[in-house]
Each structure stands twice: as C-alpha cells, then as structure tokens.
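Engineer: Residue numbers (full-length UniProt numbering), protein chains in the order written: chain Y, 1 to 287; chain E, 1 to 243.
Heads up, the beta-carbon is just placed ideally off N, CA and C, and yes, glycines get one too.
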Amino acid sequence: MNWLDTILQGVLLGGLYALFAAGLSLVFGIMRLVNLAHGDLIVLAAFLILVLVTALGLNPFLAALVAAPLMFAIGWGLQYFLLNRTLGKDILPPLLVTFGLSIVIQNGLLEGFSADSRRVVAGSLESASVNLGPVTAGVMPLMTFFSAVAVIVGLNQMIYRTSVGRAFRATSDDPVTAGLMGIRPQRIFALATGLAMVVVTIAALYLGTRANFDPTSGPSRLIYAFEAVIIGGLGSLWGTLAGGIILGLAQTVGAAINPEWQILSGHLAFLAVLLFKPRGLFPRAVD
Amino acid sequence: MALLETRGLTASYGDFQALFGVDITVGAGETIAIIGANGAGKTTLMRSIAGVLSNQAASILYRDEPIGALQAPDIVARGIAMVPEGRKLFPSLTVEENLLVGRYGRRTDGPWHLDSVYGLFPVLKERRNTPSTALSGGQQQMVAIGRALMSNPELLLCDEISLGLAPVIVRDIYAAFPRIRETGASIVIVEQDIAQALKVADRVYCMMEGRVTLSGRSADLTRDAIHTAYFGADPGAEHHELA
Ligand SMILES: Nc1ncnc2c1ncn2[C@@H]1O[C@H](COP(=O)(O)OP(=O)(O)OP(=O)(O)O)[C@@H](O)[C@H]1O
Ligand SMILES: [Mg+2]
Numbered sequence: 001m002n003w004l005d006t007i008l009q010g011v012l013l014g015g016l017y018a019l020f021a022a023g024l025s026l027v028f029g030i031m032r033l034v035n036l037a038h039g040d041l042i043v044l045a046a047f048l049i050l051v052l053v054t055a056l057g058l059n060p061f062l063a064a065l066v067a068a069p070l071m072f073a074i075g076w077g078l079q080y081f082l083l084n085r086t087l088g089k090d091i092l093p094p095l096l097v098t099f100g101l102s103i104v105i106q107n108g109l110l111e112g113f114s115a116d117s118r119r120v121v122a123g124s125l126e127s128a129s130v131n132l133g134p135v136t137a138g139v140m141p142l143m144t145f146f147s148a149v150a151v152i153v154g155l156n157q158m159i160y161r162t163s164v165g166r167a168f169r170a171t172s173d174d175p176v177t178a179g180l181m182g183i184r185p186q187r188i189f190a191l192a193t194g195l196a197m198v199v200v201t202i203a204a205l206y207l208g209t210r211a212n213f214d215p216t217s218g219p220s221r222l223i224y225a226f227e228a229v230i231i232g233g234l235g236s237l238w239g240t241l242a243g244g245i246i247l248g249l250a251q252t253v254g255a256a257i258n259p260e261w262q263i264l265s266g267h268l269a270f271l272a273v274l275l276f277k278p279r280g281l282f283p284r285a286v287d
Numbered sequence: 001m002a003l004l005e006t007r008g009l010t011a012s013y014g015d016f017q018a019l020f021g022v023d024i025t026v027g028a029g030e031t032i033a034i035i036g037a038n039g040a041g042k043t044t045l046m047r048s049i050a051g052v053l054s055n056q057a058a059s060i061l062y063r064d065e066p067i068g069a070l071q072a073p074d075i076v077a078r079g080i081a082m083v084p085e086g087r088k089l090f091p092s093l094t095v096e097e098n099l100l101v102g103r104y105g106r107r108t109d110g111p112w113h114l115d116s117v118y119g120l121f122p123v124l125k126e127r128r129n130t131p132s133t134a135l136s137g138g139q140q141q142m143v144a145i146g147r148a149l150m151s152n153p154e155l156l157l158c159d160e161i162s163l164g165l166a167p168v169i170v171r172d173i174y175a176a177f178p179r180i181r182e183t184g185a186s187i188v189i190v191e192q193d194i195a196q197a198l199k200v201a202d203r204v205y206c207m208m209e210g211r212v213t214l215s216g217r218s219a220d221l222t223r224d225a226i227h228t229a230y231f232g233a234d235p236g237a238e239h240h241e242l243a
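Here's what the structure looks like:
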C-alpha cells in the first residue's frame, strides 16, 4: 500500500464532496435555508446531462454547459415561487417542504428513468491518468478537484468583490435593511439558489461520469455535502473545500486500512469534528 | 408643491394601531423635525414612508404620485433614502462596502459618491476597510448617514441619529447637515432632543400616541405648547423636563 497515493486519492475525492457541498453552503450562508433536496437536485442534473448525452449525442462537458442554464432557471423558479414562501422565523417549513421536494424528485425520476443505475460515458478520459512522480492520478479526479477549487474561488470572488456579492452579504445580515438599500431579498435568494444549481450541475457532471447513479442516490450525496459543510464551518466556502477534503481523506484512509471502513471512517471524522469543534473548523466570525 | 405629503396615514401592528390619521407635508429643500415621546409613532411613520410598512397607496404622496403601497426598494429608486433607527449597519460588510451597498437600488449621479461622503466624514476614509462593527457609535452613525446619501436622495429620512451618542459627537454629526441641505435635498429628522430639533429644522411636528398634536415653524413654537403636545395636558406631566 502506498500512503502517498492514498492521501492523494483522498484529497481528490474531497474535491467531489466539496462540489456536492458548495451549493448547499452558498444557500445556507445567504438565507439560512437547509435544502434537504440538494442531493436529489444533483441526481436530477445528472439525469439531465445523461439525457443530453444520449439523446443529442453531446459530449458530457458540453451537455453540462447546456444543462447549467436550465438548472439555474429551475433553481431560480424553485426559490422564487416556492422556497421563499417557507422562509421565516420558524425553521421547520423549509425543512418539510424541501423534504417533500426530495421525495417528489426521486419519484419523478423513478417514473421517468426506472430504478436502473446509470452512468454518463466520458470516453477515454475515464481511464486517462497522469504521472506525478511517485504517484499517478486519474485525469477525471484531478479535473473534479480543480473544478471544485475553481468553483470556490469564483464564488468567493463574486461574494467579496462584486456589487451583487455585497447584496448577498447585506441580505444575509438583515433583509429588511437591505430592502432600504434597494435590494430585493426575494430576488437575491432566487439568484443564490440559481447559482447553487449551476454548481450542482458541475457536481452532477463528475458524479455521473465517475460513478453509477440512480433516482435514489440523492440522500447519500446530501449526507456527504452536509458533513463537508459542517466540518468546514457554516457559511465559509473555503471551509467547505477543507471539509470535503477531510471527508475524502478519512474515507480513503479508512478504506486503505479495511475496505469495509470507507463510509464509516468518513462519518467518524465528521463526528470527531462535531465533538471538538462544534462550529466547524473555519466558522464565520459573524453569525 | 409639497415634495412629500401624508394624508390620513394609519398604520397597525396586528391588532395594535400605531398611527391614527397622520398628515404631514415636506416641501422641496425643507428640513422638518418630528418629535414626540417614546412610542408616539415616529419610527412607524418613517417606516411607512420608506415602504417597510405597507399602506393605502393614496395615503402617501411623493411628487403628487401615490406611493403608499410601494415596497422599500421602489421607494429608494424614487429618491427617498432612510437612516434607520439603531443605524442597522451590515455587520459582515466593511465601512466602504456599507457605503457602496447604499447605491445598489439607485445609481444616480449626483453630489454624493464615495469621495464626497469621505469629504463629509473624513474619519470614515481612514477606517474604510474596517468591519463596520469595529467603529464607535458616532462613526457608525456617520456610515449610516453616508450609506443613505450614496443613493443621492431627494428626501432623506433620519430616525434618531443622536440616540445613545455623547453630546459632542451629536454636534459633530449635525455639523454635516448644512452641507446635505446645500445639495437641495429635503430632510426629515426624528429627534428626541427637542432643542436640537428646533435648531436644525425649519418646521416641527410633534406626535403623541399616533397623532400629530402640534406643528409649526420652529421659531414660532413656545416651550409650553411643545410641552403640552409632547406629554399631553395631564398634571403629572409638569415633572418632565425638556432638554
Ligand atoms: N413591531 C412592532 N410590533 C408591535 N408593536 C409595535 C412594533 N413597533 C412599534 N410598536 C408599537 O407602536 C407604537 C409606536 O412605536 P414607534 O416605534 O413608532 O414609536 P417611536 O415614536 O419611534 O418611539 P421611540 O421614541 O421609542 O423610538 C408603540 O406603542 C410601539 O410599542
Ligand atoms: Mg422610534
């Protein structure tokens, strides 16, 4: 067993988990909304990519490019017309509604695509690898990881460097006062969920090309996403990347010791962080 | 023509009625003060005008157009900005970001932009990259005023800008008002400090229990008249001292 290799694989796997989690983290950071259908939305996007690949013969990357604006529109509409109505002092309504949405998406996908597990074929890229001195890394895992970094850099640039990003943070602080500045919180929330769905599409691209998925795959992606967000600290996107990496590392190291321990050791790492740093590793200063 | 006019404005929080038919007018370029005891309804009046509380469309007229039913972002877009009670800065934004966010809903060119706001309150320029939470109360109030100015409003609503601040600081902040008036903006200030209100305003409205009980030019109002309008005519009121 090559430990260096194990660690590299763990870090790269963490990129996938960070992609699962980034949209969840963004939405939570801006509107304190926990979207229990997040994992199912990833799977929905994966099926969308699959349809575009099989029906139109598109390359999966091109298919994701086509799917992204569609998913943005779905996210925008979902937030504006449905989820905005659930936001308020009570945290229960958004949980119940997104839980219901999760079931609706799963059953809708079962109806349309059956329970068979699927995969998006990425051709020769799937098995391509690069030699990095003592270790080799798959091209797809590397692309996943760098996509995660790019997504997080991009979202951070937007949040901290643009006028819309200031509006995101102002709305998150105080929606009523944000309204006095001319910001429409309902639209800001819709935009945030739309962006989260673009990230979800990127996550779906790598989920679909790297592993099998079926209509019921969503909830377990949601768990990984949750764990990454909480390990990293609520509201911090870099923390979410770190959280994803810690989760990925724990899983691959666990699996290297005993293949049956993969999933368990991820959850144990999560519990350990929760025990010693309940606010996560990089909590946001203001909450 | 009045810039702003309220006509029989009412407002309620659930079953509790806070305003009972308030009529005020604000002329172009005029500064008016609204005074009144705690709970008189001053903030409710400001929040109604600013669109935070929704009203009958015709109960608030701005440039003779009914705006009572509009939401806050539509009100800002028309040129009414508010400095809310308690400053309400955005804690996760720096001083400069707080100022910039004031332009979000109205990017009109005018006298106010980052440089001129820093000219008005030079200390803010030194602290431009500080989190707004790290400022003193007076500096925070300056940010709140600057943030409202960034939309180049024609009407500026200021709710209790001297609340909780030391007198010297209040004086510094009010020193900025002549320069705001020079730009031609109308100003409505809510002020508990009656002496301060009379000094800065052309006209004063005094409110009690959701109604206007007295109004007039600052120079014409007598201490006794204000006293009665402020506290009502009950005998116990004599024990209150006016500032
Ligand atoms: N959110 C609210 N819910 C219920 N009642 C409210 C609310 N806000 C204000 N009130 C009530 O409405 C009345 C007017 O309040 P308002 O804040 O407008 O008074 P004010 O003149 O601004 O007082 P202060 O000088 O204390 O700021 C008060 O009786 C107050 O208790
Ligand atoms: Mg008040």
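Does DSSP put Y:N84 in a helix, in a strand, or in coil?
Structural biologist: The answer is helix: DSSP assigns Y:N84 an H, G or I state.
Engineer: Please report the distance separating the alpha-carbon of E:D193 from that of E:C158.
Structural biologist: Spanning the two alpha carbons is a distance of roughly 14 angstroms.
Engineer: What is the rounded straight-line gap between the Cα of E:S48 and the Cα of E:P122?
Structural biologist: Distance between the alpha carbons of E:S48 and E:P122: 32 angstroms.
Engineer: Under 7 angstroms Cβ-Cβ, which residues of chain Y neighbour E:E97?
Structural biologist: Residues of chain Y passing the Cβ test: R166.
Engineer: Of all the CB atoms in chain E, is at least one closer than 7 angstroms to the CB of Y:R221?
Structural biologist: It does not: the Cβ of Y:R221 has no partner Cβ on chain E nearer than 7 angstroms.
Engineer: Which residues does DSSP pair with residue 270 of chain E in a beta bridge?
Structural biologist: Beyond the ends of chain E as shown, which are 1 and 243, falls residue 270 of chain E; an answer cannot be given.
Engineer: So, does the CB of Y:T201 fall closer than 7 angstroms to a CB anywhere in chain A?
Structural biologist: In summary, chain A is missing from the structure at hand, where the protein chains are Y and E.
Engineer: Taking any heavy atom of ligand 2 as the mark, which residues have a C-beta closer than 7 angstroms to it, listed down the chain?
Structural biologist: My final list is E:K42, E:T43, E:E85, E:D159, E:E160 and E:V190.
Engineer: Quick one: is E:Y104 near chain Y, going by C-beta distance under 7 angstroms?
Structural biologist: Yes - at least one Cβ of chain Y is within 7 angstroms of the one on E:Y104.
Engineer: Using only the alpha-carbon positions, how far apart do Y:L87 and Y:L195 sit?
Structural biologist: Rounded to the nearest angstrom, the two C-alpha atoms are 19 angstroms apart.
Engineer: Report all residues from its chain with a CB closer than 8 angstroms to the CB of Y:V286; omit the five preceding and five following residues, and keep chain order.
Structural biologist: Unreliable positioning characterises Y:V286 in this predicted model, as indicated by a pLDDT of 47, which lies under 50. The coordinate reading is nonetheless provided below. If we look at Y:V286 and ignore the five residues flanking it on each side, its Cβ neighbours are D173.
Engineer: Does DSSP put Y:R169 in a helix, a strand or coil?
Structural biologist: Note: Y:R169 maps to helix in three-state DSSP.
Engineer: Where does E:D115 sit, in a helix, a strand or coil, going by DSSP?
Structural biologist: Reduced to three states, the DSSP call for E:D115 is helix.
Engineer: Tell me which same chain residues have a C-beta within less than 7 angstroms of the C-beta of Y:T171, skipping the five on either side of it?
Structural biologist: Cβ neighbours of Y:T171 beyond the five flanking positions: I30, A178, I183, P185 and I188.
Engineer: Looking only at its own chain, which residues have a Cβ that is under 6 angstroms from the Cβ of E:L198, when we skip the five neighbours before and after it?
Structural biologist: Within the same chain, E:L198 has close Cβ partners S218.
Engineer: Leaving aside the five residues before and after Y:I245 along the sequence, list all residues of the same chain whose C-beta is less than 6 angstroms from its C-beta, in chain order.
Structural biologist: The answer, listed in chain order, is V11 and G14.
Engineer: Terminal residues of the continuous beta strand (DSSP E) containing E:S151?
Structural biologist: Where E:S151 is concerned, there is no enclosing beta strand (DSSP E), given that its DSSP letter is neither H nor E.
Engineer: Give a yes or no on whether 7 angstroms exceeds the smallest Cβ distance from Y:G182 to chain E.
Structural biologist: Answer yes: the Cβ-Cβ gap between Y:G182 and chain E drops below 7 angstroms somewhere.
Engineer: If you scan the region 153-185 of chain E from start to end, which runs of the alpha helix (DSSP H) of 4 or more residues do you find wholly inside it?
Structural biologist: Taking only runs of at least 4 residues, the alpha helix (DSSP H) segments lying wholly in the region 153-185 of chain E are 167-174 and 177-182.
Engineer: Relative to the alpha-carbon of Y:D116, which residue among Y:G23, Y:I159, Y:V135 and Y:N212 has its alpha-carbon at the smallest distance?
Structural biologist: Ranking Y:G23, Y:I159, Y:V135 and Y:N212 by Cα distance to Y:D116 puts Y:N212 first.
Engineer: Is the closest heavy atom of ligand 1 to the C-beta of E:A40 under 6 angstroms?
Structural biologist: Yes, ligand 1 has a heavy atom inside 6 angstroms of this Cβ.
Engineer: Quick one, are the C-beta atoms of Y:V200 and Y:G77 less than 7 angstroms apart?
Structural biologist: It is not a contact, given that the beta carbons lie outside the stated cut-off.
Engineer: Measuring only between beta-carbons, confirm whether E:S92 sits less than 7 angstroms from chain Y.
Structural biologist: So, interface residue.
Engineer: Below 8 angstroms, how does it come out for the region 43-57 of chain Y and the region 246-255 of chain Y: are there three or more Cβ pairs, yes or no?
Structural biologist: Because the criterion of three Cβ pairs below 8 angstroms is not met, the region 43-57 of chain Y and the region 246-255 of chain Y do not touch.
Engineer: Under a three-way DSSP split, which group does Y:P94 fall into?
Structural biologist: Helix at Y:P94.
Engineer: Can you tell which of E:V83, E:W112, E:S151 and E:I75 has the C-alpha that lies nearest to the C-alpha of E:Q140?
Structural biologist: The residue with the shortest Cα to Cα distance from E:Q140 is E:V83.
Engineer: Tell me the DSSP secondary structure of E:Y104 in three-state form.
Structural biologist: In the structure shown, E:Y104 sits in coil (DSSP, three-state: anything other than H, G, I, E or B).
Engineer: Keeping to the same chain, check which residues put their C-beta closer than 7 angstroms to that of E:M46; ignore five residues upstream and five downstream.
Structural biologist: Cβ within range, chain order: M82, L157, D159 and V190.
Engineer: Which residues in chain E have a C-beta closer than 9 angstroms to the C-beta of Y:S163? List them in chain order.
Structural biologist: Within 9 angstroms Cβ-Cβ: L100, V101, R103 and Y104.
Engineer: Using only the alpha-carbon positions, how far apart do E:I226 and E:I67 sit?
Structural biologist: Near 31 angstroms, if we compare the C-alpha coordinates of E:I67 and E:I226.
Engineer: Since E:E30 and E:D224 are thought to touch, with beta carbons under 8 angstroms apart, how far apart are those beta carbons, to the nearest angstrom?
Structural biologist: Not quite, the Cβ-Cβ distance comes to about 25 angstroms (not below 8 angstroms), so this is no contact.
Engineer: Bridge partners of E:A81, per DSSP?
Structural biologist: Beta-bridge pairing links E:A81 to E:L156.
Engineer: Could you have a look at Y:F189 and say whether DSSP puts it in helix, strand or coil?
Structural biologist: If DSSP states are grouped into helix, strand and coil, Y:F189 belongs with the helices.
Engineer: Using a Cβ-Cβ distance under 7 angstroms, would Y:T240 count as near chain E?
Structural biologist: So no, Y:T240 is outside the interface.
Engineer: What is the residue span of the alpha helix (DSSP H) that Y:E227 lies within?
Structural biologist: Counting along the chain, the alpha helix (DSSP H) containing Y:E227 begins and ends at G218 to G232.
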